[in-house]
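Everything below concerns the one structure shown next.
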Amino acid sequence: MFADIAGYTGLMEEDEAMALNLLQKLRKTFEQEVSIHRGRILEFRGDGALCSFSSTIEGVKAAIAIQLDMQVAPVVPLRIGMHTGDVIIEGESIYGDGVNIASRMESLAVPGSIFITGKVHDDIKNRKDIQTISLGKYILKNVKDHVEIFAITNTGLSIPDRTSFDGKGEKVQYKSILVLPFVNM
1252 MFADIAGYTG LMEEDEAMAL NLLQKLRKTF EQEVSIHRGR ILEFRGDGAL CSFSSTIEGV
1312 KAAIAIQLDM QVAPVVPLRI GMHTGDVIIE GESIYGDGVN IASRMESLAV PGSIFITGKV
1372 HDDIKNRKDI QTISLGKYIL KNVKDHVEIF AITNTGLSIP DRTSFDGKGE KVQYKSILVL
1432 PFVNM
């Protein structure tokens, strides 16, 4: 799971004390929810965080709990992206497609939303307590395969307009043809 405060640099310029307050709220909430859902905070990166979970379902539940807490005053404009995949951990560093694609999901997300890949969706699709909507398949920078993107649509989360991430990734367009039978031949 990758998370980042949208517009944090601008917030720092406007009101440094408020920006630091939002950052403290973010860190406290992450420490609490990631622990509850048996995850691990791999690192706090400035105004964001990178976390891992042994269970996709627990990771998504943590993301929902975090995002809902961020909607309570003072509101933190947080974007969350999630992917499941192998990673390599060397000392304090983490690498791999799992990290790169989760980062791409976060950058596409809008404040208040959680974007997940099709791989994450496959693990949670039968859960009645987690609702999703497909936003389509996209070609992402430096990612070989097309990635289907879903938004979590549980109550209290932002559900983005499909045009909200135009220019951030290229939507896969499928061409089709309709074949009708000849009648009265």
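In our numbering, the protein residues as written are 1252 to 1436.
C-beta atoms are modelled at their ideal positions from N, C-alpha and C, and glycine is treated no differently.
Please read all numbers here as calculations on a predicted model, not as lab measurements.
CB contact check: residue i to chain B, cutoff 8 Å
| i | result |
| --- | --- |
| F1295 | Among the chains in the structure shown there is no chain B, since it carries only a single protein chain. |
Own chain residues within Cβ distance below 7 Å of residue i, not counting five before or after
| i | result |
| --- | --- |
| G1258 | P1328 |
| A1360 | R1330, I1331, G1332, F1366 |
Bridge partners - residue i, DSSP secondary structure assignment
| i | result |
| --- | --- |
| E1341 | S1344 |
| M1333 | I1367 |
| A1402 | F1366, I1384 |
| A1352 | Checking the sequence, you will find Ile at residue 1352 rather than Ala. Note: I1352 sits in no beta bridge, so no partner. |
Helix, strand or coil at residue i [DSSP, three-state]
| i | result |
| --- | --- |
| G1261 | helix |
| D1266 | coil |
| D1255 | strand |
| S1409 | coil |
| H1372 | helix |
Chain-order list of residues whose beta-carbon lies under 6 Å from that of residue i (same chain, five-residue window excluded)
| i | result |
| --- | --- |
| H1288 | E1309, K1312, A1313 |
| E1399 | G1369, K1388 |
| D1348 | G1336 |
| F1401 | I1367, H1372, T1383, S1385 |
| R1355 | L1391 |
Proximal residues to residue i (C-beta, below 8 Å), its chain only, five neighbours per side dropped
| i | result |
| --- | --- |
| N1351 | N1393, V1394 |
Report task. Quick one: which unbroken beta strand (DSSP E) runs of 3-plus residues sit fully inside the stretch 1268-1334? Chain order, please. Result -> Complete beta strand (DSSP E) runs here, min 3: 1290-1296, 1299-1304, 1329-1333.
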